[in-house]
Every structure is written in structure tokens, then in C-alpha cells.
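All remarks here apply to the structure that follows.
In this note's numbering, the protein residues as written are 899 to 996.
Structure follows, in C-alpha cells:
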């Protein structure tokens, strides 16, 4: 299976000018590269999926001695205006689900 994945990766993402593969980025950086976990948990709760929010929080909880996997500094919220800037960029209207 690894050889098939390596061959596919080389064929479709290894050439000159190829864009980074989102799956590989997630594997290298961690699951929080594309979204803020705290905001996603908040969204899950707001849409009536508390059990999924609880599960996600439990999965992301730090294990003693483990290194936190995130592109954000520990306990650092997104800077003010970041959510609004992303909403404008992707044409999300106020009150719409992200």
C-alpha cells in the first residue's frame, strides 16, 4: 500500500509547480492546520452536536508529557478580526455556518 501511495503522490503532487497535497499537509502538520479546534467545537455545540464536540475535546485533550500538535501557540486565540477576514474571503454571510 505504501508503494501505491508513494507512486500516486509522486505522479500527481511531485512534479514542478504542483500544489501541496492537503492530506500530506495534515499528516505533517497535524489536524489543526485548516481549522481552529475551539471554534469548531463551538460550531458543533451551536448546531446541536454536543456529543461530537465532547468527543473532539476529549481527543484533543493533552496527554501528560505529550507535545501539543497545532500550528497555534498553546492557548493562543486567533488574532482579532481573523474570523471576519476569512468570512469575507470565502463570502460567508453573518450567521451562516462556517
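Glycine included, every Cβ here is placed at the ideal spot set by N, Cα and C.
* Taking only the alpha-carbon atoms, compute the straight-line gap between residue 939 and residue 976 and give it to the nearest angstrom. => 15 angstroms
* Using beta-carbon positions only, say whether residue 951 and residue 957 come within less than 8 angstroms of one another. => no
* Asked: Do the CB positions of residue 935 and residue 954 come within less than 8 angstroms of each other?
  -> yes
* To do: Classify residue 904 as helix, strand or coil using the three-state DSSP reduction.
  => helix
* Asked: Where does the unbroken alpha helix (DSSP H) through residue 952 begin, and where does it stop?
  -> 948-958
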